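One structure below.
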Amino acid sequence: MLDFDLYSPTRFVFGLDRENEVGKWVRAVGGSRVLIHYGGGSVVRSGLLDRVVRSLNDAGLWSIQLGGVKPNPRDSLVYTGIDLCRRENIDLVLGIGGGSALDSAKAIALGVCYDGDFWDLYSGIAAPQKRLLLGTIVTLPATGSEGSNSSVVLRESEKIKRGLRSDLNRPDFSIINPALTYTLPAWQIACGSADIIAHVFERYFSNTPDVELTDRLCEAVIRTVVEMAGTSLNNPQDCGSRSNLMWASTVAHNGSLGVGRQEDWSSHALEHGIGGMYDTAHGAGLAALTPAWLQRLLPHDPSRVAQLAVRVFDVPMDYNNPQSTAKAGIRKLVHFYQSLGLPTALRELGVNQRDLPELAGKVKLKADGTLGFYYPLTSAEILSLYERAFDWSLDQLD
Ligand code: NZQ
Ligand code: ZN
Numbered sequence: 043m044l045d046f047d048l049y050s051p052t053r054f055v056f057g058l059d060r061e062n063e064v065g066k067w068v069r070a071v072g073g074s075r076v077l078i079h080y081g082g083g084s085v086v087r088s089g090l091l092d093r094v095v096r097s098l099n100d101a102g103l104w105s106i107q108l109g110g111v112k113p114n115p116r117d118s119l120v121y122t123g124i125d126l127c128r129r130e131n132i133d134l135v136l137g138i139g140g141g142s143a144l145d146s147a148k149a150i151a152l153g154v155c156y157d158g159d160f161w162d163l164y165s166g167i168a169a170p171q172k173r174l175l176l177g178t179i180v181t182l183p184a185t186g187s188e189g190s191n192s193s194v195v196l197r198e199s200e201k202i203k204r205g206l207r208s209d210l211n212r213p214d215f216s217i218i219n220p221a222l223t224y225t226l227p228a229w230q231i232a233c234g235s236a237d238i239i240a241h242v243f244e245r246y247f248s249n250t251p252d253v254e255l256t257d258r259l260c261e262a263v264i265r266t267v268v269e270m271a272g273t274s275l276n277n278p279q280d281c282g283s284r285s286n287l288m289w290a291s292t293v294a295h296n297g298s299l300g301v302g303r304q305e306d307w308s309s310h311a312l313e314h315g316i317g318g319m320y321d322t323a324h325g326a327g328l329a330a331l332t333p334a335w336l337q338r339l340l341p342h343d344p345s346r347v348a349q350l351a352v353r354v355f356d357v358p359m360d361y362n363n364p365q366s367t368a369k370a371g372i373r374k375l376v377h378f379y380q381s382l383g384l385p386t387a388l389r390e391l392g393v394n395q396r397d398l399p400e401l402a403g404k405v406k407l408k409a410d411g412t413l414g415f416y417y418p419l420t421s422a423e424i425l426s427l428y429e430r431a432f433d434w435s436l437d438q439l440d
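Note that this note's numbering has the sequence shown beginning at 43, numbered continuously upward.
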């Protein structure tokens, strides 16, 4: 295990109706003038926005609203939010909704305190030093943005998505009420489940030895998601499965599963190119890439995929042929994705084969010219992975 620092200062306020306490928590962290930032209207239709406004009013807090965040949140609305916050002297940004609304709120909170174009922070020209106070109410188990050190924004003019990692992205508080997910379409639960699993994979696929505890925690999260996604879809108002999915989503990406181990992060970089170009759902893009991505790991070391197969998918270990165990695990994962209606090839996602070289060219590489850490990809390998993922089918495992 490697040395590590884990700084995860967010207060998580979990449970039914807890959004009614939002005024109290804004006050507790020192906020007084609040920007409520949300998406395309699900929080209006569900009544969440009204409850939030009431709680802030009851706490004697001033607030203003900015809706309209689109999935794959656009830089244009971030600029609008930054101007609004400066004009109205806002001190706390409250993101309510899915990962896109939360990430847009994070970008605004950071951008207000940066004396330049906020995109500098996402393109890596500058590092953030400060942000406004930040709270969230999350309504979708997927990104873990409510506890993560990351936020992702789409640069519309260039059709690229860029993520920013900084502990400043971790909210001061996040309210998690599983019942807020009851209104989610099945498709979003499916995409969210694939995203949670991908967040675990980015940590699980590591060359660091002696990480048994975090291996087991990773496996527990994936097993839980596989079980709970099905229950959740069969009974959308099942509070137990929604509660487990929500907390799995937070735990998968708040840093605790990656401590002491080198993380990979190649599948997310590959997906962000696709989301940027086609405006597709992040989790769907990950599901379409993951089978080809996992298959490519087999020549490097089949034992880690085989371990996943045995411990998560109950595949019997074939000690003479760990490749076959690993492949059986990939098959089970693919069946799980398919049972949720997710794509497992880029073609199914609507990607155009002609765009693959451009997509490969847009991927942000490390200084050494490769992507990821577990089994680093060169530019040529990125293109061949996209090509394999384009037409991927279970036959490729035979
Ligand atoms: O916009 P509204 O009307 O709210 O509708 C949203 C949107 O259409 C809807 N929705 C959310 N909660 C709902 C609901 N509909 C009904 N009932 C509810 N309770 O769901 C749709 C998708 O929302 P979105 O926020 O885009 O989804 P998600 O949470 O999957 O977020 C995806 C974004 O987060 C980024 C992705 O790249 C993508 O841009 N990520 C952020 C990360 C982070 N901050 O740590 C990590 C992730 O890896 C990811 O990259
Ligand atoms: Zn993700």
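Note that CB positions come from ideal geometry on N, CA and C, so glycine has one too.
Since this is a predicted model, take the numbers as computed values, not measurements.
With a cut-off of 8 Å on Cβ pairs, the stretch 209-221 is in contact with the stretch 164-182, counting three or more such pairs. Taking the Cα positions, residue 259 is about 27 Å away from residue 383. Inclusion of residue 252 and residue 71 in the CB contact set at 8 Å is not warranted, their separation being larger than that value. Apart from sequence neighbours up to five positions away, the residues of its chain that approach residue 275 with a beta-carbon distance below 8 Å are 228, 231, 232, 382, ordered along the chain. In this structure residue 377 is exposed. Its beta-carbon is surrounded by fewer than 16 other beta-carbon atoms within 10 angstroms. Going down the chain, each residue whose beta-carbon is closer than 5 Å to a heavy atom of the ligand NZQ shows up: 81, 82, 83, 84, 113, 114, 139, 140, 141, 142, 145, 181, 182, 184, 185, 187, 190, 192, 193, 194, 225, 226, 230, 324. With three or more CB-CB distances shorter than 8 Å, the stretch 70-89 counts as touching the stretch 131-147. Per DSSP, reduced to three states, the secondary structure at residue 71 is helical. The continuous stretches of beta strand (DSSP E) do not include residue 415, and DSSP gives it neither H nor E. The C-beta distance from residue 191 to residue 209 rounds to 5 Å, short enough to meet the 8 Å contact threshold. The residue from 187, 156, 440 with its alpha-carbon nearest to that of residue 291 is 187. The stretch 397-417 and the stretch 363-371 do not touch, with fewer than 3 CB-CB distances between them shorter than 8 Å.
For the pair residue 236 and residue 328, the CB atoms are nearer than the 8 Å cut-off. Judged by beta-carbon spacing, residue 334 lies beyond the 8 Å limit of residue 391, meaning their Cβ atoms are not closer than that value.
Around the beta carbon of residue 148, a 10 Å sphere encloses 16 or more other beta carbons of the protein chains shown; the residue is thus reported as buried. For residue 225 and residue 88, the gap between their C-alpha atoms comes out near 8 Å. Non-local beta-carbon contacts of residue 294 in its own chain, meaning distances under 6 Å to residues more than five positions away in sequence, involve 186, 238, 241, 242, 263 in chain order. For the ligand ZN, a non-hydrogen atom lies closer than 7 Å to the CB of residue 237.
For residue 240, the Cβ falls inside the 7 Å cut-off from some heavy atom of the ligand ZN. For residue 310, the Cβ falls inside the 7 Å cut-off from some heavy atom of the ligand ZN. Rounded to the nearest whole angstrom, the CA to CA distance from residue 116 to residue 279 is 32 Å.
Rounded to whole angstroms, the gap between the alpha carbons of residue 440 and residue 337 is 11 Å. In the three-state DSSP reduction, residue 229 falls in the helix class (H, G or I).
Pairing residue 309 with residue 273 gives a Cβ-Cβ distance that is not under 8 Å.
Our two residues, residue 58 and residue 106, have alpha carbons roughly 25 Å apart in a direct line.
The three-state secondary structure of residue 314, taken from DSSP, is helix. By the Cβ test, the stretch 97-105 is in contact with the stretch 60-75, since at least three Cβ pairs between them sit closer than 8 Å. When the beta-carbon positions are compared, residue 114 and residue 317 come within less than 8 Å of each other. Cβ-Cβ separation between residue 127 and residue 90: approximately 21 Å, too far for a contact (criterion under 8 Å). Excluding the 5 residues flanking it on each side, residue 302 has same chain C-beta neighbours closer than 8 Å at 43, 44, 45, 46, 250, 253, 256, in chain order. With respect to residue 50, residue 212 sits close: the two C-beta atoms are nearer than 8 Å. Note on residue 167: under 16 other CB atoms within 10 angstroms of its CB, so exposed under the neighbour-count rule.
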